[in-house]
Amino acid sequence: MTSYAFPPGGLPDQSTSPESTAVFTPAYAVIPASVQRDIVTSFLPEWRDSRAWVLARPLTGFAETFSQYALEIAPGGGSAHPEPDEAAQGVLFVAVGTARLTIGEAEHDLRPGSYAYLPPASDWSLFTTGDTPCKLHWIRKRYTPVSGLDMPPALVTHEKDVPQLAMP
Numbered sequence: 134m135t136s137y138a139f140p141p142g143g144l145p146d147q148s149t150s151p152e153s154t155a156v157f158t159p160a161y162a163v164i165p166a167s168v169q170r171d172i173v174t175s176f177l178p179e180w181r182d183s184r185a186w187v188l189a190r191p192l193t194g195f196a197e198t199f200s201q202y203a204l205e206i207a208p209g210g211g212s213a214h215p216e217p218d219e220a221a222q223g224v225l226f227v228a229v230g231t232a233r234l235t236i237g238e239a240e241h242d243l244r245p246g247s248y249a250y251l252p253p254a255s256d257w258s259l260f261t262t263g264d265t266p267c268k269l270h271w272i273r274k275r276y277t278p279v280s281g282l283d284m285p286p287a288l289v290t291h292e293k294d295v296p297q298l299a300m301p
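If you count by our numbering, then the sequence shown holds residues 134 to 301, one letter each, in order.
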């Protein structure tokens, strides 16, 4: 079975050193899993029974134009109005658990390895469907139109449904 990276959460053992190898410079940041614990989670507006680790966000001193969250949603949790910015496009990637993604009237059952692209101004919602938390990565970026190209439509797929291409 494939497994995907996700913050460990919880609290470190009392014998664990509070120092870590986290690095924050004007050019880059390294945020190791050891510092991604319960004490550094955030609650997002409109999300019920959920918490997030903010892995990247605009204006952290770099040139980020996107944000990335590791989002943990408890059973029965989720959001009917998850995206506050109508100009933002999003990508969801499920690492653990199951959820139902609704885009407009279409429902999609997500499992580990599921991927969804959400164009800006999409009417979407997401709620867990299992008895365990759903853990996913949510990447958001303001959409920038390109002359001569249409905005891409919503896409929901699974990594096993896409042919693998070897890296050159």
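Positions of the beta carbon are idealized from the N, C-alpha and C atoms, including for glycine. Keep in mind it's a predicted model, so treat the numbers as computed, not measured.
Phe139 and Ala228 do touch by the CB rule: their CB atoms are close to 5 Å apart, below 8 Å.
For Asp294, the secondary structure class from DSSP, reduced to helix, strand or coil, is helix.
Judged by DSSP in its simplified three-state form, Val279 adopts coil rather than helix or strand. Taking a cut-off of 8 Å for Cβ pairs, the stretch 272-290 and the stretch 241-257 touch, as three or more such pairs fall below it. Going by DSSP, Leu259 is part of the beta strand (DSSP E) stretching over Trp257 to Thr261.
Using a C-beta cut-off of 8 Å, the stretch 265-272 makes contact with the stretch 219-226, since at least three inter-stretch Cβ pairs fall below that distance. For Trp257 against Thr231, the beta-carbon gap comes to about 17 Å, at or over 8 Å, which does not count as contact.
For a cut-off of 8 Å, the C-beta gap from Gly211 to Thr261 is around 6 Å, short enough to register as a contact.
Within the DSSP secondary-structure output, Asp242 pairs in a beta bridge with Arg233. A check of alpha carbon separations from Tyr276 across Leu243, His241 and Ala221 identifies Ala221 as the nearest.
With a 10 Å radius around the Cβ and a threshold of 16 neighbouring Cβ atoms, Ser175 comes out exposed.
Annotated as proximal: Glu205 and Pro266, with beta-carbon spacing under 7 Å.
Around the beta carbon of Ala239, a 10 Å sphere encloses fewer than 16 other beta carbons of the protein chains shown; the residue is thus reported as exposed. Judged by their CB atoms, Trp186 and Gln169 are nearer to each other than the 7 Å cut-off.
Beta-bridge analysis with DSSP links Ala254 to no other residue.
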